[in-house]
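Engineer:
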Amino acid sequence: MGWVCADCEHRLNRPQLRCVGCALPLTAALAAAAKPDALQATNTDTPAAAPRDASQPPPQTPPQPAATRCGRCLSEPSPVAASYAAFDYAAPGDRLVQALKFNQRTALAAPLAVLLAGALPSGEAAPDASSCAAQPRFDRILPIPLSPSRERSRGYNQSWELVRRLPPALGPACWQTLVRTRDTASQMALPHTERERNVRGAFAVQRDVADLHLLLVDDVMTTGATLFEAARVLRKAGAASVTALALARTP
1 MGWVCADCEH
11 RLNRPQLRCV
21 GCALPLTAAL
31 AAAAKPDALQ
41 ATNTDTPAAA
51 PRDASQPPPQ
61 TPPQPAATRC
71 GRCLSEPSPV
81 AASYAAFDYA
91 APGDRLVQAL
101 KFNQRTALAA
111 PLAVLLAGAL
121 PSGEAAPDAS
131 SCAAQPRFDR
141 ILPIPLSPSR
151 ERSRGYNQSW
161 ELVRRLPPAL
171 GPACWQTLVR
181 TRDTASQMAL
191 PHTERERNVR
201 GAFAVQRDVA
211 DLHLLLVDDV
221 MTTGATLFEA
231 ARVLRKAGAA
241 SVTALALART
251 P
């Protein structure tokens, strides 16, 4: 990579089998018990180190035998077609996310976007952008929006910083398709049981998404409440499908 040490590079690119429904890491026992999901293609390529430039083709995700869902995702309906995450919200990834999110380190968005794109399995990723026959995999790529007051305070939306640096072959980055309708308490300060209620009704769609396949991006996925509520609103507005993609997943 060049922007992190060799040890951190290895830890960020470490192969990890995840539930395709919620992106939680699957232990060996859970993976054995999880059922294949025929709706999601999987990648069997060898993991590659991320290139420095996010405009280059994304690295491949770790090999896994078949897309799998944990017991909870098998038993509960979800507004997302699938969920993916680049790495766990743990050292060293958590520090990189915090630096991007809270410390004005927006220059980190470019290399982190490479890891983000690489979290999509080969069946989800678009072809090489240099190919004249390449077609975007998604009709639109949307960031989770911040409330206007929080974005003014921070000066930027970290999810948008990631989205606009994703490889163009994945699809067009779109701003202001999904918006916040009200301020909400920080999800970080709330127990898991209250997070879903906190974001209920906090999003609205202000551009036509009917019959579109959307990629919805956030920096951190903890319970999935924010991504799932936003996806629910997008599906209600007519989106054909919503795929959730997070930079980090709280294990």
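My numbering puts the first residue of the sequence shown at 1, with every later residue one more than the last.
Ideal Cβ placement from N, Cα and C applies to all residues, glycine included.
Compute the beta-carbon to beta-carbon distance between LEU26 and TYR84, rounded to the nearest angstrom, for a pair I have assumed lies under 8 Å.
Structural biologist: By one-based count along the sequence shown, residue 26 stands at place 26. By one-based count along the sequence shown, residue 84 stands at place 84. With a Cβ gap of about 13 Å, LEU26 and TYR84 do not count as contacting.
Engineer: Kindly indicate which residue of LEU227, ARG232, MET221, ALA239 has the alpha-carbon position closest to the one of ALA248.
Structural biologist: Mapped onto the sequence shown, residue 248 falls at position 248. With distances taken between Cα atoms, ALA248 lies closest to MET221.
Engineer: Roughly how many whole angstroms lie between the Cα atoms of ILE141 and LYS236?
Structural biologist: In the sequence shown, counting from the first residue as 1, residue 141 sits at position 141. In the sequence shown, counting from the first residue as 1, residue 236 sits at position 236. Cα to Cα, the separation comes out at about 17 Å.
Engineer: Which residue marks the beginning of the alpha helix (DSSP H) containing ALA119, and which one marks its end?
Structural biologist: Stepping through the sequence shown from its first residue, residue 119 is reached at position 119. Looking at the DSSP string, ALA119 is not in any alpha helix (DSSP H), and its letter there is neither H nor E.
Engineer: So what does DSSP say about ALA173, is it helix, strand or coil?
Structural biologist: In the sequence shown, counting from the first residue as 1, residue 173 sits at position 173. Here ALA173 sits in strand by DSSP.
Engineer: Return the residue from the list ASP211, SER153, ARG200, LEU215 that minimises the CA-CA distance to VAL233.
Structural biologist: Counted from its first residue, the sequence shown places residue 233 at position 233. Of the listed residues, the one whose Cα sits closest to VAL233 is ARG200.
Engineer: Tell me where the alpha helix (DSSP H) around PHE228 begins and ends.
Structural biologist: Stepping through the sequence shown from its first residue, residue 228 is reached at position 228. That run of the alpha helix (DSSP H) goes 225-236.
Engineer: In three-state terms, what does DSSP make of ASP183?
Structural biologist: Taking the first residue of the sequence shown as 1, we reach residue 183 at position 183. Three-state result, ASP183: coil.
Engineer: Short check: CB of THR106 to CB of SER147, under 9 Å?
Structural biologist: Counting from one through the sequence shown, the residue named residue 106 turns up at place 106. Counting from one through the sequence shown, the residue named residue 147 turns up at place 147. No, the pair does not count as a contact, with Cβ atoms beyond the cut-off.
Engineer: Report the CB separation of VAL163 from VAL205 in whole angstroms; it is logged as a contact under 8 Å.
Structural biologist: Translated into positions along the sequence shown, residue 163 becomes position 163. Translated into positions along the sequence shown, residue 205 becomes position 205. That belief does not hold up - the Cβ atoms of VAL163 and VAL205 are roughly 16 Å apart, past 8 Å.
Engineer: Label ARG72 either buried or exposed according to how many other C-beta atoms from any shown protein chain fall within 10 Å of its C-beta, with 16 as the threshold for buried.
Structural biologist: Taking the first residue of the sequence shown as position 1, residue 72 is located at position 72. Exposed.
Engineer: Go to SER149, then tell me how far its beta strand (DSSP E) extends in each direction, as first and last residue.
Structural biologist: To locate residue 149, count along the sequence shown from 1; it is residue 149. Per DSSP, SER149 belongs to no beta strand (DSSP E); it is in the alpha helix (DSSP H), 148-154.
Engineer: Rounded to a whole number of angstroms, what is the C-alpha to C-alpha distance between GLU76 and ASP88?
Structural biologist: Along the sequence shown, one-based indexing puts residue 76 at 76. Along the sequence shown, one-based indexing puts residue 88 at 88. When rounded, the distance between both Cα atoms is 23 Å.
Engineer: Quick one: measure Cβ to Cβ for ALA117 and LEU166, integer angstroms, because I've assumed they're closer than 8 Å.
Structural biologist: For the purposes of this step, residue 117 is identified with residue 117 of the sequence shown, where counting begins at 1. For the purposes of this step, residue 166 is identified with residue 166 of the sequence shown, where counting begins at 1. With 8 Å as the limit, ALA117 and LEU166 qualify as a contact, their Cβ atoms being about 5 Å apart.
Engineer: Should LEU74 be listed as close to the ligand MN, given that the test is whether its C-beta is under 8 Å from any heavy atom?
Structural biologist: Absence of the ligand MN from the depicted structure is noted, as is the absence of any ligand whatsoever, leaving it without description.
Engineer: In three-state DSSP terms, what is ALA126?
Structural biologist: The sequence position of residue 126 within the sequence shown is 126, counting from 1. Because ALA126 sits at a pLDDT of 41, beneath the cut-off of 50, its placement in the model cannot be relied upon, and the point is left open.
Engineer: Can you grab the Cα-Cα spacing for the pair VAL4 / GLN16, in whole Å?
Structural biologist: Looking up residue 4 in the sequence shown gives position 4. Looking up residue 16 in the sequence shown gives position 16. In a straight line, the C-alpha of VAL4 is about 20 Å away from that of GLN16.
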